[in-house]
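If you're matching them up, the sequences are chains A and B in order.
What the first sequence shows, in this note's numbering, is residues 674 to 824, in sequence order.
What the second sequence shows, in this note's numbering, is residues 674 to 824, in sequence order.
For glycine and all other residues, C-beta sits at the position ideal for the given N, C-alpha and C.
2 protein chains.
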Amino acid sequence: MLTPAESLDDAVRSLRVLILAGENYRQATAQMSGLGVTETQAVSYLSIYGERGQNDLGGDLGISSGASTALVDRLERQGVAQRYAHPHDRRRVIVRLTEKGHGLVARSHSWLAASFGSIPPEDLPTLSSRLRQIAQVLRTESERQVAADQE
Amino acid sequence: MLTPAESLDDAVRSLRVLILAGENYRQATAQMSGLGVTETQAVSYLSIYGERGQNDLGGDLGISSGASTALVDRLERQGVAQRYAHPHDRRRVIVRLTEKGHGLVARSHSWLAASFGSIPPEDLPTLSSRLRQIAQVLRTESERQVAADQE
DNA sequence: TATTGTTATACTCTATAACTATA
DNA sequence: TATAGTTATAGAGTATAACAATA
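What follows is the structure, encoded as structure tokens:
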């Protein structure tokens with residue numbers, strides 16, 4: 674039986690292991706699709722959050738605007754995403770997945786689904802919402818820490 | 674109310690979001706510590722799985738032996754890990770975290786712990802073990818997919 | 001003036017392959 | 001012969017900064 678503090682330490686270790694496994698997954702999908710890691714991350718962002726401004730996408734990924742231009746160049750060249758004109762603002766560029774891009778995401782679906790194989794089906798909804806809670810705090814906390822570091 | 678299939682799809686989406694948040698966290702820790710992403714991943718592996726042979730560590734990270742040499746050079750230069758001689762095999766090099774390396778891991782502990790802030794304490798042990806189950810399948814499945822792809 | 005994106009340059013990290021030393 | 005690691009070279013991806021177009 675663990676004390677509450679020990680339980681939390683163990684949960685942190687588990688989260689570290691899962692983060693590393695996620696990075697493993699990322700490299701594997703990149704290698705299999707012939708894309709780079711950043712390109713594969715971009716496809717995942719576009720799949721989950723929908724179309725984005727080019728620099729917004731770069732912001733998601735933590736890269737500069739110059740790197741964003743080069744990234745979207747590569748995504749277009751490989752046929753997984755495309756640039757579209759913004760309806761009102763002629764400075765802006767909207768980036769959207771192509772069919773091929775959506776297909777790439779679909780291909781990894783069963784692979785990720787297998788990760789839940791040992792979870793009782795009735796527990797899935799709760800687990801799912803907890804994964805999102807963890808993700809949200811992890812993300813906002815990362816932004817907060819970086820902002821505090823830069824001041 | 675969701676059907677079982679819908680629940681699984683939702684869980685997969687949640688896992689994608691968590692993987693992206695983990696990559697966010699990785700970039701933030703790298704930036705704050707002044708290390709690169711791969712170096713920070715290496716520190717995390719060494720913290721969780723203990724000392725490793727240099728090429729074993731490179732294997733964890735999915736990089737070549739040449740890149741492993743350069744990586745450990747950087748880790749030593751920055752004082753977060755050190756090379757040691759293997760007791761019996763004079764070809765091998767053991768890589769181990771320094772105090773400074775352990776300190777780096779400790780600094781991100783409270784940050785990760787905050788991610789569990791909204792989870793009822795009594796649910797932590799179950800959640801923790803499920804995170805590990807997901808991580809393990811994700812990792813082995815990634816290796817399997819890459820191996821199948823390379824044949 | 002501020003914002004969005006592009007271009008040019010230099011730097012970091014990685015893969016590949018040839019090599020050395022040890023098993 | 002096979003394995004662990006090193007070195008040299010080339011290529012991919014990124015940051016930085018200067019720039020153009022639009023708001």
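The DSSP-derived three-state label of G776 (chain B) is helix.
Non-local beta-carbon contacts of A703 (chain A) in its own chain, meaning distances under 8 Å to residues more than five positions away in sequence, involve G709, V710, E712, T713 in chain order.
Under the three-state reduction of DSSP, I792 (chain B) is assigned to coil, being neither helix nor strand.
Cβ proximity to chain B below 7 Å picks out A701, Q704, M705, Q714, S717 from the segment 701 to 717 of chain A.
Look at L770 (chain A) here: in three-state DSSP terms it is strand. Scanning the segment 690 to 772 of chain B for uninterrupted beta strand (DSSP E) segments of 3 residues or longer gives 754 to 758, 766 to 770, listed from N- to C-terminal end. Proximity of I692 (chain A) to chain B, defined by a Cβ-Cβ separation below 7 Å, is satisfied.
For S781 (chain B), there is no enclosing alpha helix (DSSP H), as DSSP marks it with neither H nor E. DSSP places T813 (chain A) in the uninterrupted alpha helix (DSSP H) bounded by 797 to 823. In the structure shown, L681 (chain A) falls within a helical segment according to DSSP collapsed to helix, strand and coil. At least 7 Å separates the CB of N728 (chain B) from every CB of chain A. Contact annotation: the segment 726 to 738 of chain A does not touch the segment 678 to 693 of chain A, with fewer than three C-beta pairs closer than 8 Å. The beta carbon of E696 (chain A) is closer than 6 Å to none in its chain, skipping five residues each way along the sequence.
Residues of chain A whose Cβ lies closer than 7 Å to the Cβ of R686 (chain B) are, in chain order, I721.
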